[in-house]
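This report concerns only the one structure given below.
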Amino acid sequence: MSNAQIHHRTCNICEAMCGLIITHDDKDVLSIKADPADPLSRGHICPKATALQDFRTDPDRITTPLKKVDGEFVPISWDEAYEFAVERLQLVQEAHGKDAVGVYLGNPNAHKFGNLLNLPALVRALGTQNRYSSATADQIPHHVASIHMLGHPMLIPVPDVARTDFLMIVGGNPVVSNGSMMTAPGFGKRMDELKARGGRIIVIDPRRTETAAKATEHHFIKPETDAYLLMAMIHEILAADLVNLDTLTSVVTGLETLRDAVVPFTADKAADMTGIPAETIQALAHDFATSNTAAVYSRMGASTQAFGSLCQWATNVLNILTGNFDAEGGAMFTTPALDYVGMTSRKGKNRTYPEKRSRVSGQPLYNGEFPISVMAEEMETPGEGQIRAMVTVAGNPVLTAPNGQRIDRAMEKLDFMMSIDIHINDTTRHADLILPATVALEEVVYDMVFHSFAVHNTAAYARPIFDTPNGNPQEWEVIATLAAKLTGANKIGPSPEQVLTMLLPQGHHADTVTVDGMLTAGGSVDLGPLVPNLVDRLETPDGKLHLAPQVFLDDLPRLQDFEAPTSDDFPMMMIGRRQVRSHNSWTQNSPRLVKGRNRCTVQIHPTDAARLGLSDESDVVVQSRVGEVTMPAEVTEDMAPGVVSIPQGWGQRHGNINAATKTQTVSINDLTDDTRIDPVSGNAAFNGVPVAVRLAG
31 MSNAQIHHRT CNICEAMCGL IITHDDKDVL SIKADPADPL SRGHICPKAT
81 ALQDFRTDPD RITTPLKKVD GEFVPISWDE AYEFAVERLQ LVQEAHGKDA
131 VGVYLGNPNA HKFGNLLNLP ALVRALGTQN RYSSATADQI PHHVASIHML
181 GHPMLIPVPD VARTDFLMIV GGNPVVSNGS MMTAPGFGKR MDELKARGGR
231 IIVIDPRRTE TAAKATEHHF IKPETDAYLL MAMIHEILAA DLVNLDTLTS
281 VVTGLETLRD AVVPFTADKA ADMTGIPAET IQALAHDFAT SNTAAVYSRM
331 GASTQAFGSL CQWATNVLNI LTGNFDAEGG AMFTTPALDY VGMTSRKGKN
381 RTYPEKRSRV SGQPLYNGEF PISVMAEEME TPGEGQIRAM VTVAGNPVLT
431 APNGQRIDRA MEKLDFMMSI DIHINDTTRH ADLILPATVA LEEVVYDMVF
481 HSFAVHNTAA YARPIFDTPN GNPQEWEVIA TLAAKLTGAN KIGPSPEQVL
531 TMLLPQGHHA DTVTVDGMLT AGGSVDLGPL VPNLVDRLET PDGKLHLAPQ
581 VFLDDLPRLQ DFEAPTSDDF PMMMIGRRQV RSHNSWTQNS PRLVKGRNRC
631 TVQIHPTDAA RLGLSDESDV VVQSRVGEVT MPAEVTEDMA PGVVSIPQGW
681 GQRHGNINAA TKTQTVSIND LTDDTRIDPV SGNAAFNGVP VAVRLAG
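To convert, note that position 263 of the sequence shown is 293 in my numbering; the numbers rise steadily by one, no gaps.
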């Protein structure tokens with residue numbers, strides 16, 4: 031222990047950005063503990079943070095370039111790997127056009143500063159419009175609402191949890207996620223603080239989640255009817271003349287158009303659709319509008335469904351109408367040290383959305399990405415623009431995208447596939463070339479994306495603790511080198527630290543935040559609570575906040591005509607769930623995270639279990655239109671009757687990932703249906719999937 035060193039950094043596995051104190055020597059991590067002085071996480075830590083060391087020492091980790099020869103992976107040199115990758119990608123594009131190469135970017139890229147800086151150059155070097163990512167699996171409705179209302183996809187409001195009196199959470203479970211599109215580590219403690227000051231927390235969810243269990247109220251709701259609830263609350267507020275635009279009065283447009291649009295969405299109609307009594311809906315609307323401060327936060331259950339965009343639009347509208355938008359205690363906007371909105375500003379310029387439509391089924395492209403739900407059909411369907419080769423970076427869409435088995439079959443037929451990853455998994459097993467990736471403790475960390483979604487302004491930067499295996503290049507260097515070789519450039523660009531040094535002087539805290547200052551701070555730099563700032567940052571061409579964009583109004587008839595998608599063949603509805611000890615599929619090869627009982631169960635209400643003759647731990651078959659799985663049942667009153675829940679991120683079957691496959695689990699995406707989407711954003715509708723459940727055997 032004589033050479034033990036102390037290192038401060040933020041955890042970048044999930045969105046929470048928990049502050050860590052890591053004790054290490056030259057070779058190993060000795061301990062990972064929470065940083066009690068971190069101004070954002072305030073001493074919170076979850077089990078995933080302690081697993082950071084596991085990803086580095088994983089015995090199944092890829093640590094040298096691998097080329098598939100006669101169906102087997104063999105090690106090759108970096109020079110040979112780069113040459114092989116460029117040659118094969120260019121051959122495919124010469125034969126079939128630029129769009130014959132597709133790119134899929136997985137969730138970890140959002141947490142890798144160097145990747146975020148260099149991936150756009152790789153996509154440009156390939157010249158393809160066939161770009162996909164995990165964002166279109168869970169969050170595009172947020173961006174679409176911000177684009178059409180505020181003018182920029184990254185102007186995302188987050189609840190000012192520390193100062194609100196009334197928090198309504200729709201389809202979110204931040205006690206487990208620590209915030210999603212809302213960076214709020216230690217959310218359970220934040221709930222306790224809110225209740226201690228006399229506030230209310232209302233959770234709307236088909237499952238009594240860990241968050242609902244701590245809330246002051248929980249209301250079960252039928253899947254995919256959240257938009258009805260939100261629209262009925264808007265209707266009630268307008269009808270009762272409770273509108274208060276407050277400081278946004280001069281910039282809001284579309285109020286009268288909105289008033290006309292919500293006429294059909296009465297509390298009585300919403301009660302029929304949602305299962306929540308009309309009196310409850312009316313009371314929620316009045317209490318929300320008359321609370322001193324209030325915020326609605328709608329997340330996964332509201333986004334990953336057929337009406338995801340309407341949900342996020344209506345969420346913003348509720349906050350705006352009641353004076354709780356860009357106001358203390360309401361839904362507010364960060365002022366991060368590295369201002370991504372400012373970096374990509376096109377203020378005053380006219381833009382057309384969606385930017386394009388997909389080749390086969392005409393789904394929308396936003397933020398330069400097509401929906402992941404169309405990737406399989408774009409690989410399968412012949413013609414100009416068919417994907418014949420694929421590049422994946424830190425992604426496993428066979429497990430994490432809808433109808434994953436269809437993607438699995440389509441990848442098997444590609445002319446070429448290259449992956450940058452740490453594992454041979456269910457997706458990368460199809461690759462002809464795998465380039466080894468780096469992991470968190472070997473990389474710089476500056477969470478550019480999630481500082482932009484945090485409930486308190488902070489900044490934190492740290493350098494790598496350990497060298498990469500075998501002297502491998504950093505992951506960002508691999509990406510930059512591929513881009514350079516594809517374009518014929520003879521060098522790559524500046525390092526992430528050099529870029530950060532150049533960008534910080536353009537941000538909101540140019541006088542106080544520097545790279546050197548963050549390195550010597552001994553943890554995150556406290557930049558203070560959220561402050562009102564929206565009026566000067568609106569990016570719409572007319573500088574106004576658009577309350578009733580036409581794209582959402584045009585979708586309201588579809589909502590009015592909605593009928594539950596269940597049938598005699600598939601009488602129940604399936605929703606997902608998140609678990610604190612996993613984060614998508616890539617964390618499942620850490621023994622400390624997957625040990626213990628099998629947590630990949632289907633939760634079902636006792637009345638449904640009795641009807642079907644099921645009991646706890648019974649093996650059951652869950653079937654949807656696209657497939658079926660067999661898994662243990664978990665009977666619990668936490669589920670609404672008629673609804674079942676399966677966790678996401680499980681189901682590893684193939685490749686070389688021993689801890690992940692030791693216990694055979696199932697992938698929820700063998701059941702999710704890639705034809706079920708939110709047509710406004712293209713986001714996959716993972717929730718509300720019609721299923722049948724029966725006893726196995």
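From the three backbone atoms N, C-alpha and C, an ideal C-beta is built for every residue, glycine too.
Strand pairing of residue i, partner residues [DSSP]
| i | result |
| --- | --- |
| Lys97 | Val104, Leu463 |
| Arg39 | Leu50 |
| Ala714 | Ile707 |
| Gln633 | Glu664, Ser675 |
| His576 | Thr283 |
| Ala313 | Its beta-bridge partners do not exist; DSSP assigns none. |
Residue i classed as buried or exposed, judged by whether at least 16 other C-beta atoms fall within 10 angstroms
| i | result |
| --- | --- |
| Val555 | buried |
| Pro66 | exposed |
| Ile232 | buried |
| Leu121 | exposed |
| Thr550 | exposed |
| Val104 | exposed |
| Gly679 | buried |
| Asp700 | buried |
| Ile36 | exposed |
| Arg706 | buried |
| Ser333 | buried |
| Glu408 | buried |
| Glu664 | buried |
| Ala540 | exposed |
Where residue i sits in the DSSP three-state scheme
| i | result |
| --- | --- |
| Lys63 | strand |
| Glu385 | coil |
| Glu358 | coil |
| Ala324 | coil |
| Val723 | strand |
| Tyr396 | strand |
| Ile75 | coil |
| Val282 | strand |
| Val423 | strand |
| Asp298 | helix |
| Asp369 | coil |
| Val555 | strand |
| Thr488 | strand |
| Leu70 | coil |
| Glu110 | helix |
| Gly434 | helix |
| Val293 | coil |
| Val428 | helix |
| Val273 | coil |
| Gln123 | helix |
| Phe496 | coil |
| Gly537 | coil |
Bounding residues of the beta strand (DSSP E) (the contiguous stretch that carries residue i)
| i | result |
| --- | --- |
| Gly49 | 49 to 54 |
| Phe446 | 446 to 451 |
Extent of the continuous alpha helix (DSSP H) to which residue i belongs
| i | result |
| --- | --- |
| Ala6 | Outside the modelled stretch of the chain, which goes from 31 to 727, sits residue 6, for which no answer is possible. |
| Leu15 | Outside the modelled stretch of the chain, which goes from 31 to 727, sits residue 15, for which no answer is possible. |
| Met478 | Premise fails: Met478 is in no alpha helix (DSSP H) and is neither H nor E. |
| Ala761 | Since the displayed the chain opens at 31 and closes at 727, residue 761 lies outside it and no answer follows. |
| Val346 | The amino acid occupying residue 346 in the given sequence is Asn; Val does not appear at that position. Its alpha helix (DSSP H) spans residues 338 to 351. |
| Phe85 | 82 to 87 |
| Lys515 | 505 to 517 |
| Val529 | 526 to 533 |
| Val543 | Taken as a continuous stretch (DSSP letters only), Val543 belongs to no alpha helix (DSSP H), as it is neither H nor E. |
> Where in the region 578 to 623 do unbroken runs of the alpha helix (DSSP H), each at least 4 residues long, occur, reported from the N-terminal end onward?
Replying inline: Listed in chain order, they are 580 to 583, 586 to 590.
> Going along the chain, which unbroken runs of the alpha helix (DSSP H) with 4 or more residues stay wholly within the region 173 to 255?
Replying inline: Segments of the alpha helix (DSSP H) lying fully in the region 173 to 255: 204 to 207, 217 to 226, 240 to 244.
>> Quick check on the DSSP output: what are the complete alpha helix (DSSP H) runs of length 4 or more inside the region 128 to 164, in order along the chain?
In response: Runs of alpha helix (DSSP H) with 4 or more residues, each lying fully within the region 128 to 164, are found at 143 to 156, listed in chain order.
>> Just to confirm the assignment: which complete alpha helix (DSSP H) runs, minimum length 4, are found wholly within the region 638 to 710?
In response: If you keep only unbroken alpha helix (DSSP H) runs of at least 4 residues inside the region 638 to 710, you get 688 to 691.
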